[in-house]
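Undergrad: Top line first, the protein sequences correspond to chains A and B. The first sequence begins at 82 in the numbering used here and counts up by one. The second sequence begins at 386 in the numbering used here and counts up by one. Note that the Cβ used here is the ideal one computed from N, Cα and C, for glycine as well. What you are looking at is a predicted structure, and each value in this text was computed from that prediction instead of being measured.
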Amino acid sequence: MAGLGGFEVEVQRETPGGVVTEDMTLSMGPQHPSTHGVLRFVVRADGEVMKEAVPDVGYLHRSIEKIAEKVGWHGFLPYTDRVDYVAAMFCNHGWAMAAERLAGITVPPRGEYCRVIADELCRLHSHLLSVGSMAMDLGAFTPFTHAIREREYLNDLFEELCGARLTFHYMRIGGVGWDLPPGWLGRLTHFLGRFEPILDEYDRLISYNKIYAERLADVAVVGAEQAIAWNLVGPNLRGTGFAYDVRRDDPYSVYPELEFDVPVGRGEMGTLGDAFDRYIVRMREMRESCRILRQCVARLPDGPVIAKVPRNFKPPAGECYVRVESARGDMGWYVVSDGTAFPYRCKIRTGSFAAIATIPQVSRDLMIADLVAVIASYDLVAPEIDR
Amino acid sequence: MLDAAGVHARLRDRFGEAIGPLTGSGRDAWQRVDAAQIALVCRFAKDDPALAFDCLSCLSGVDWPKREVIEVVYHLYSYRLRHWGVLKVETPRDAPGVPTVSGVWPAAEWPEREVFDLFGVVFDGHPDLRRLLMPEDWPGHPLRKDFVEPEEYHGISTSRASLLRP
Chain A
82 MAGLGGFEVE VQRETPGGVV TEDMTLSMGP QHPSTHGVLR FVVRADGEVM KEAVPDVGYL
142 HRSIEKIAEK VGWHGFLPYT DRVDYVAAMF CNHGWAMAAE RLAGITVPPR GEYCRVIADE
202 LCRLHSHLLS VGSMAMDLGA FTPFTHAIRE REYLNDLFEE LCGARLTFHY MRIGGVGWDL
262 PPGWLGRLTH FLGRFEPILD EYDRLISYNK IYAERLADVA VVGAEQAIAW NLVGPNLRGT
322 GFAYDVRRDD PYSVYPELEF DVPVGRGEMG TLGDAFDRYI VRMREMRESC RILRQCVARL
382 PDGPVIAKVP RNFKPPAGEC YVRVESARGD MGWYVVSDGT AFPYRCKIRT GSFAAIATIP
442 QVSRDLMIAD LVAVIASYDL VAPEIDR
Chain B
386 MLDAAGVHAR LRDRFGEAIG PLTGSGRDAW QRVDAAQIAL VCRFAKDDPA LAFDCLSCLS
446 GVDWPKREVI EVVYHLYSYR LRHWGVLKVE TPRDAPGVPT VSGVWPAAEW PEREVFDLFG
506 VVFDGHPDLR RLLMPEDWPG HPLRKDFVEP EEYHGISTSR ASLLRP
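Right, here's the structure in full:
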């Protein structure tokens with residue numbers, strides 16, 4: 082295809098037995114069951130070995146950043162759900178935080194706790210889909226059905242909280258839309274009590290399953306230094322053994338009051354920083370999220386959940402860059418205000434965008450079937466790349 | 386760990402007038418960098434032990450038609466020292482060109498392609514400067530403020546009549 086770059090003339094070579102072979106160019110996607118969104122890879126392969134896998138993105142580009150300039154500060158909040166539809170609350174949170182920082186608004190403590198509860202539930206929601214579909218991409222169907230079953234309970238909680246089962250939308254500039262529904266915290270605690278033992282079951286079912294672990298071990302190894310140079314974030318960065326979490330190391334909201342650990346990859350199945358390490362970090366993060374949720378339930382203060390914010394919201398001219406620790410890692414919001422009712426510019430920097438840029442490097446000389454493992458272990462979500 | 390003023394002073398010491406005054410407050414405070422020097426400044430910002438900006442956290446474009454410039458904004462973060470630096474480069478709207486920093490941080494490669502695609506800024510020395518999100522033959526750069534959406538693309542209409550209103 083014209084302009085894709087990176088492709089020379091098809092290479093021909095002769096084996097010692099006199100058989101002439103040539104490279105084959107394959108198109109994987111745009112619609113492929115394992116790409117979780119509209120995503121295309123152009124793969125140059127020698128037999129089953131990939132020589133190169135070039136990502137070709139943009140099929141989902143909806144100009145979210147341009148929309149921000151047209152719809153106003155409050156109006157853009159529901160659009161942010163669509164930036165990462167698997168973990169929408171983080172996008173809500175990032176946008177609201179950017180607006181609050183520009184206008185100097187302080188969120189009431191109960192509002193902050195509600196936000197953290199929503200965030201961490203969203204992390205469970207996203208990581209469950211990630212590990213479940215990862216097993217399915219590698220050929221195991223049952224773990225996926227288990228993950229989806231647990232996600233259904235989360236969906237019920239979310240539906241009660243904000244009315245939606247997919248593009249959750251609960252936060253507002255200045256806090257959250259409304260207080261938690263009556264009895265909801267009890268149901269959340271009940272869910273946690275049932276869910277934590279299930280995580281052990283997952284470990285028995287998949288994590289240390291020989292076939293599964295060996296499909297992931299030593300695949301697409303990324304070192305910590307390389308990961309930083311490429312700006313990999315979140316579980317993809319922590320999988321390399323580098324302990325950095327925005328919630329802990331550049332804290333926002335009420336995270337400094339909460340106790341949690343930052344799990345990192347340990348190279349327990351193969352090389353440090355391989356696909357298995359990225360997977361296992363997500364498994365362990367779910368435990369930490371449960372821990373955070375329990376603390377939030379215990380500490381939830383009384384009071385209002387939202388600060389007074391004018392309907393016609395006009396933050397003073399200026400700019401800011403805020404980050405939240407989304408399920409896919411550090412999500413940055415660079416927002417410029419010119420003092421009007423419409424944002425002047427909004428740039429969303431996401432984890433998947435940086436991760437997909439590294440695919441050509443990490444996929445070289447892997448088997449074609451491993452590309453699926455790489456995509457799944459990076460936890461790529463296409464709308465986060467294209468926005 | 387340095388604050389924005391400390392970062393500014395350090396860069397000013399090394400590059401003098403190529404670094405503009407510090408504007409804004411807190412960790413969002415930024416400095417303008419002479420466009421021709423940006424790659425050198427970034428190389429220094431990464432290698433200097435007092436700055437140690439090992440991570441290019443964000444690279445964005447901002448269009449300012451009134452001032453007839455496009456800004457390229459670099460948010461630098463140091464994992465080692467946990468501090469921030471914000472650099473801005475201005476380039477004329479009619480012929481925007483900025484040296485690439487992808488040689489300093491490979492992470493710049495894709496965001497620069499994105500800015501090239503959506504704003505039309507050419508990054509000199511970029512290893513693979515192609516459109517990223519829009520089709521190859523898309524006219525114009527959509528994130529410019531004066532971008533007008535074409536009525537059709539290869540004979541496909543980009544708008545459709547309302548089903549509700551006459």
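Report the residues of the segment 493 to 514 of chain B with a CB closer than 7 Å to any CB of chain A, ordered along the chain.
TA: Going along the segment 493 to 514 of chain B in chain order, one finds E494, W495, D513 with a Cβ nearer than 7 Å to chain A.
Undergrad: Report the residue ranges of all beta strand (DSSP E) runs contained in full by the segment 438 to 517 of chain B; include only those spanning at least 3 residues, in chain order.
TA: Correct list: 440 to 449, 454 to 462, 469 to 477, 482 to 484, 507 to 509.
Undergrad: Taking A:L158 as the reference, which of A:P441, A:F423, A:P136, A:I440 has the closest Cα?
TA: Ranking the options by Cα distance to A:L158, first place goes to A:F423.
Undergrad: Could you name the residues of the segment 424 to 453 of chain B whose beta carbon sits closer than 7 Å to any beta carbon of chain A, in the order they occur along the chain?
TA: Hits within the stretch, in order: D439, C440, L441, S442, C443, S445, V447.
Undergrad: Exposed or buried, what is A:E89 when buried is set at 16 or more other beta-carbons lying within 10 Å of its beta-carbon?
TA: Residue placement at A:E89 cannot be trusted, given a pLDDT of 48 that sits under 50; what the coordinates show is reported in the next sentence. Per the 10 Å Cβ criterion, exposed.
Undergrad: Could you tell me whether any Cβ in chain A is nearer than 7 Å to the Cβ of B:P491?
TA: So, interface residue.
Undergrad: Check the Cβ of A:A301 against every Cβ in chain B and list those closer than 9 Å, keeping chain order.
TA: Neighbours of A:A301 on chain B: none; closest Cβ ~16 Å, over 9 Å.
Undergrad: For B:P535, which residues of its own chain have a beta-carbon under 7 Å away from its beta-carbon, when the five flanking residues on both sides are left out?
TA: Taken in chain order, the residues that qualify are P524, T543.
Undergrad: Could you spell out the range, first to last residue, of the alpha helix (DSSP H) harbouring A:Q376?
TA: Run containing A:Q376: 356 to 380, per the alpha helix (DSSP H) assignment.
Undergrad: Would you mind sorting A:W259 into buried or exposed? The rule is 16 or more other CB atoms within 10 Å of its CB.
TA: Under this definition A:W259 is an exposed residue.
Undergrad: Skipping 5 residues on each side, what residues in its chain have a beta carbon closer than 8 Å to that of A:R59?
TA: Outside the displayed range of chain A (82 to 468) lies residue 59 of chain A, so it cannot be described from this structure.
Undergrad: Taking the C-alpha atoms as reference points, what is the distance between A:S214 and A:S207?
TA: Roughly 11 Å separates the two Cα atoms.
Undergrad: Who pairs with B:W415 in a beta bridge, going by DSSP?
TA: For B:W415, which the question treats as bridged, DSSP gives the partners B:T408, B:V471.
Undergrad: How is the beta strand (DSSP E) around A:P424 delimited, first residue to last?
TA: Here the beta strand (DSSP E) through A:P424 covers 424 to 430.
Undergrad: Quick one: residues in its chain with C-beta nearer than 6 Å to the C-beta of B:L528, no 5 flanking neighbours on either side, listed in chain order?
TA: Answer for B:L528: L503, F504, listed in chain order.
Undergrad: With which residues is A:F122 paired in a DSSP beta bridge?
TA: The partner list for A:F122 (beta bridge, DSSP) reads A:M109, A:P136.
Undergrad: At 8 Å on the CB atoms, spell out the chain A contacts of B:P527, in chain order.
TA: Going along chain A in sequence order, the residues near B:P527 (Cβ under 8 Å) are S144, K147.
Undergrad: Flag B:H460 as yes if its beta-carbon sits less than 7 Å from any beta-carbon of chain A, otherwise no.
TA: With 7 Å as the cut-off, B:H460 counts as an interface residue toward chain A.
Undergrad: Taking the beta strand (DSSP E) that A:T57 falls in, what are its first and last residues?
TA: What the structure shows of chain A is the stretch from 82 to 468, and residue 57 of chain A is not part of that stretch, so it cannot be assessed.
Undergrad: Using a C-beta cutoff of 7 Å, does A:G84 count as contacting chain B?
TA: Per-residue confidence for A:G84 stands at a pLDDT of 41, beneath the threshold of 50, marking its modelled position as unreliable; no derived number is given.
Undergrad: Quick one, which residues of the segment 151 to 180 of chain A are near chain B if we go by CB-CB under 9 Å, in chain order?
TA: Cβ contacts with chain B: none found.
Undergrad: Is it the case that the Cβ atoms of A:M350 and A:F357 are separated by a distance below 7 Å?
TA: Cβ distance < 7 Å, so A:M350 and A:F357 count as in contact.
Undergrad: For the segment 391 to 423 of chain B, enumerate the residues whose C-beta is nearer than 7 Å to any C-beta of chain A, in chain order.
TA: Residues passing the 7 Å Cβ filter: G409, D413.
Undergrad: By a C-beta neighbour count over all protein chains shown, 10 Å radius and 16 as the cutoff for buried, is B:H539 buried or exposed?
TA: Exposed, because fewer than 16 other Cβ atoms sit within 10 Å of the Cβ of B:H539.
Undergrad: Is the beta carbon of A:G346 sitting closer than 7 Å to the one on A:G304?
TA: No; because the gap between Cβ atoms is not below 7 Å, this pair is not in contact.
Undergrad: Are the CB atoms of A:I456 and A:V164 nearer to each other than 7 Å?
TA: No, they are not a contact pair.
Undergrad: Just to make sure I have the definition right: I need the residues of chain B whose C-beta is within less than 9 Å of the C-beta of A:R430. Which are they?
TA: Those are S442, C443, L444, S445, H460, P496, listed as they occur along chain B.
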